[in-house]
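Protein chains in written order, with our numbering: chain A, 1 to 277; chain B, 1 to 287.
We put the CB at the ideal spot given by N, CA and C, even for glycine.
Single-structure report; data block below.
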Amino acid sequence: MKTKILWLLVAVILPVFAMMANAHANPLDSFKGESGTIRIAGGTAHIPVMKEAARQIMAVNPAINITIAGGGSGVGIKQVGEELVDIGNSGRKPTDGEIARYDLKMFEWAIDGVGVVVNPRNPVRGLSKSRLQEIFAGKVVNWKALGGADKGINLYTRDEASGTREVFWQVALDQKEISSKANVVVSNGAIKSAVAGDPYGIGYVSVGHIDETVAPVAIDGIAPTLASVRERKYTISRGLFSNTRKEPKGLTKKFIDFLLTPEGQKIAADNGFIPVK
Amino acid sequence: MANRLEKITEWILTLSALVSAFITVLIFVFLLIFGLPLLQGGQWFDLLASPWSPREGLYGIRPMLLGTVYISLLGMAFAFPLSFGCAALISVFAPRSFGGFLRKVVQLMTGIPTVVYGFVGIFLLVPMVREILQGGSGMCLLTASLMLSILISPTLILFFVDGFDRAPRSHLDAVAALGGNEMQQFIFVILPNAWSNVLSGIVLAFGRVLGDTLIALMIAGNAVQVPGSVLESARTLTAHVALVIAADYDSPEFKSIFACGITLYLFSAMMVVLIRSIGAISGRKKR
Chain A
1 MKTKILWLLV
11 AVILPVFAMM
21 ANAHANPLDS
31 FKGESGTIRI
41 AGGTAHIPVM
51 KEAARQIMAV
61 NPAINITIAG
71 GGSGVGIKQV
81 GEELVDIGNS
91 GRKPTDGEIA
101 RYDLKMFEWA
111 IDGVGVVVNP
121 RNPVRGLSKS
131 RLQEIFAGKV
141 VNWKALGGAD
151 KGINLYTRDE
161 ASGTREVFWQ
171 VALDQKEISS
181 KANVVVSNGA
191 IKSAVAGDPY
201 GIGYVSVGHI
211 DETVAPVAID
221 GIAPTLASVR
231 ERKYTISRGL
241 FSNTRKEPKG
251 LTKKFIDFLL
261 TPEGQKIAAD
271 NGFIPVK
Chain B
1 MANRLEKITE
11 WILTLSALVS
21 AFITVLIFVF
31 LLIFGLPLLQ
41 GGQWFDLLAS
51 PWSPREGLYG
61 IRPMLLGTVY
71 ISLLGMAFAF
81 PLSFGCAALI
91 SVFAPRSFGG
101 FLRKVVQLMT
111 GIPTVVYGFV
121 GIFLLVPMVR
131 EILQGGSGMC
141 LLTASLMLSI
151 LISPTLILFF
161 VDGFDRAPRS
171 HLDAVAALGG
181 NEMQQFIFVI
191 LPNAWSNVLS
201 GIVLAFGRVL
211 GDTLIALMIA
221 GNAVQVPGSV
231 LESARTLTAH
241 VALVIAADYD
251 SPEFKSIFAC
261 GITLYLFSAM
271 MVVLIRSIGA
281 ISGRKKR
């Protein structure tokens, strides 16, 4: 009889312990019992990660509503500063002026490379940095000189408020000019689809966005890949930031904390970014 | 009671007319206030004339101004003959049932959002222009104005059709009685009667071309340059506003969008006045 009771106790208690252990292991549980809305806007490189994180959170707790908009890093910083959104993403560190004016708190959750891409039909797969600068300055205007077809080079660049553009211009172009003939598009995705559709196009996107529709171009012999960015061989990289106005509270804080948990970091890694933890 | 109801209705209508007029004025005042720092220093004229080159501290909007002018004029040039022919077909020359069908199609087209045209432009028209004309990326002045002409054609067609339908039956019968054919009816009776509708259509369509942002933003290429040919990338004032609005509030880039706003406002007001006065003058001549 006694042994039976003991076994019963064990049978009841063990699963409870197991569940408790589970509860500690799954960071999504912190969202249980919560409800409300998180509004996110800004950097377009961040969007795949935001979407996946939001999907996981909303699957555990349908009472939480997370909205995600793009707009670029400038929009993200501005909208979170004006309290139009709860989290403003940026693909660059906000400037000191912005931090002071809006009282921003920054959370860097991944590192991202910015890679030069061309159409897969274009045979050019490597450029020197100085050649790249000449191309974007509009001084080299034909692919023939670079080992490609005898066709004009179509440049694609981002708008002025883009964090991707900022990093590319600072590090890859050494702050040299970008030709005024360059086509300007408004997101990482738009550059990718423009270059994917244009056999003579060249542009730059977040390494996380590179897939088979575009071909990465090695700069000075180093291709923009996850490994080369992680090992710091490929230097055109930047941090991905989620910014809040003042210290984050409530759901917003939980969302940012989630990004920095192993699960959140895994989402970043799955989307082609380098986790910070 | 009925009298009272009429009074109230009249009052409500007057009020809504006043409000919408007031809002138009208010927008202009808003633009003026924000653009004032630029206007005061006479900087506005510099802005209109100088190129855009943030590296040299130049934030002129001349490339965008010319881009807007070229794209909208070219768009109108494509759309006008297309719409004119289509309207004539619907209202005069096609058999009644076919004309009715075409009219329904055109009415349907007015409801298509511009972003749909933009997508069609990116995936269909841009590669076509690139491959057929073999110049540049296909994101250019020509592509954008072709797409815009399709955007505004329904507006033009519906206005033209309304105008063509206004011709008095008795006059048409008179032409027929004199042995005139359909073409003669069209030229001598229908067209002179439709004049004011044609003008209204043009004013409205021109406003739409000037104000459209998305199509130019998606397929004109947005390069900050004065386009040297129709195959070159160009940026309109509206697309410029959309691209720069994300910039820092205190930056000179951001301030330049108020110059764009004022310029667009004055530009479209000028076009309306111009077209209306042409209409008034030629209307007087006929009488």
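Quick one: Cα of residue i to Cα of residue j, how far?
{"i": "residue 84 of chain B", "j": "residue 201 of chain B", "result": "11 Å"}
{"i": "residue 259 of chain B", "j": "residue 237 of chain B", "result": "10 Å"}
{"i": "residue 93 of chain B", "j": "residue 77 of chain B", "result": "23 Å"}
{"i": "residue 148 of chain B", "j": "residue 183 of chain A", "result": "19 Å"}
{"i": "residue 39 of chain A", "j": "residue 78 of chain A", "result": "14 Å"}
{"i": "residue 115 of chain B", "j": "residue 127 of chain A", "result": "36 Å"}
{"i": "residue 101 of chain B", "j": "residue 123 of chain A", "result": "51 Å"}
{"i": "residue 152 of chain B", "j": "residue 69 of chain B", "result": "16 Å"}
{"i": "residue 192 of chain A", "j": "residue 125 of chain B", "result": "18 Å"}
{"i": "residue 238 of chain A", "j": "residue 42 of chain A", "result": "16 Å"}
{"i": "residue 9 of chain B", "j": "residue 20 of chain B", "result": "17 Å"}
{"i": "residue 155 of chain B", "j": "residue 204 of chain B", "result": "8 Å"}
{"i": "residue 374 of chain B", "j": "residue 253 of chain B", "result": "There is no way to answer for residue 374 of chain B, as the model of chain B reaches only from 1 to 287."}
{"i": "residue 217 of chain B", "j": "residue 239 of chain B", "result": "5 Å"}
{"i": "residue 235 of chain A", "j": "residue 175 of chain A", "result": "15 Å"}
{"i": "residue 243 of chain B", "j": "residue 273 of chain A", "result": "27 Å"}
What did DSSP end up calling residue i once you bin it into helix, strand or coil?
{"i": "residue 48 of chain A", "result": "helix"}
{"i": "residue 23 of chain A", "result": "Any reading at residue 23 of chain A needs caution, since the residue's pLDDT is 47, under 50, leaving its predicted position unreliable; the model's value is listed next. Reduced to three states, the DSSP call for residue 23 of chain A is helix."}
{"i": "residue 8 of chain B", "result": "helix"}
{"i": "residue 112 of chain A", "result": "strand"}
{"i": "residue 69 of chain A", "result": "strand"}
{"i": "residue 79 of chain B", "result": "helix"}
{"i": "residue 99 of chain B", "result": "helix"}
{"i": "residue 274 of chain A", "result": "strand"}
{"i": "residue 3 of chain B", "result": "helix"}
{"i": "residue 202 of chain B", "result": "helix"}
{"i": "residue 152 of chain A", "result": "strand"}
{"i": "residue 139 of chain A", "result": "coil"}
{"i": "residue 124 of chain A", "result": "coil"}
{"i": "residue 226 of chain B", "result": "coil"}
{"i": "residue 267 of chain A", "result": "helix"}
{"i": "residue 112 of chain B", "result": "coil"}
{"i": "residue 64 of chain A", "result": "strand"}
{"i": "residue 79 of chain A", "result": "helix"}
{"i": "residue 87 of chain B", "result": "helix"}
{"i": "residue 96 of chain A", "result": "helix"}
{"i": "residue 213 of chain B", "result": "coil"}
{"i": "residue 176 of chain A", "result": "coil"}
{"i": "residue 137 of chain B", "result": "coil"}
Run through the DSSP bridge pairs and tell me what residue i is partnered with.
{"i": "residue 87 of chain A", "result": "A:40"}
{"i": "residue 144 of chain B", "result": "Per DSSP, none; premise fails for residue 144 of chain B."}
{"i": "residue 240 of chain A", "result": "A:110"}
{"i": "residue 184 of chain A", "result": "A:157"}
{"i": "residue 234 of chain B", "result": "B:221"}
{"i": "residue 105 of chain A", "result": "A:244"}
{"i": "residue 118 of chain A", "result": "A:202 and A:215"}
Which chain B residues are close to residue i, counting only those with a beta carbon under 7 Å from its beta carbon?
{"i": "residue 180 of chain A", "result": "223, 224 and 225"}
{"i": "residue 161 of chain A", "result": "246 and 247"}
{"i": "residue 75 of chain A", "result": "246"}
Taking residue i as the query, report the chain B residues whose CB atoms sit under 8 Å from its CB, ordered along the chain.
{"i": "residue 192 of chain A", "result": "The contacting residues do not exist; residue 192 of chain A stays about 12 Å from chain B at best."}
{"i": "residue 72 of chain A", "result": "246"}
Give the residues of chain A in contact with residue i, contact being defined as C-beta atoms less than 9 Å apart.
{"i": "residue 277 of chain B", "result": "Neighbours of residue 277 of chain B on chain A: none; closest Cβ ~37 Å, over 9 Å."}
{"i": "residue 243 of chain B", "result": "159, 160, 161, 184 and 186"}
{"i": "residue 127 of chain B", "result": "197 and 198"}
Could you list which residues in chain B have their beta carbon closer than 9 Å to that of residue i, in chain order?
{"i": "residue 152 of chain A", "result": "135, 136 and 137"}
{"i": "residue 201 of chain A", "result": "137"}
What residues from chain A crowd round residue i, counting only those whose CB sits closer than 7 Å?
{"i": "residue 182 of chain B", "result": "Ordered by position in chain A, no residue passes the 7 Å Cβ test against residue 182 of chain B, which lies about 46 Å from the chain."}
{"i": "residue 233 of chain B", "result": "181 and 183"}
For a contact meaning CB atoms closer than 8 Å, what does residue i contact in chain A?
{"i": "residue 130 of chain B", "result": "198"}
{"i": "residue 253 of chain B", "result": "160"}
*In chain order, which beta strand (DSSP E) runs of at least 3 residues are fully inside the region 237-282 of chain B?*
Counting only runs of 3 or more, we get nothing.
*asked:* My parser needs the alpha helix (DSSP H) runs of 4 or more residues fully inside the region 11-64 of chain B; what are they?
replied: Whole alpha helix (DSSP H) segments, 4+ residues: 43-49.
*Counting only runs of 4+ residues fully inside the region 187-265 of chain A, write out the alpha helix (DSSP H) ranges in chain order.*
188-197, 226-230 and 250-259
_Which residues of the region 88-101 of chain A have a Cβ closer than 9 Å to any Cβ of chain E? Give them in chain order._
The structure shown contains no chain E; the protein chains it does contain are A and B.
*For the region 145-209 of chain B, which segments carrying the alpha helix (DSSP H) assignment without a break, of at least 4 residues, lie completely within its bounds, in sequence order?*
Here the runs fully enclosed are 169-177 and 182-185.
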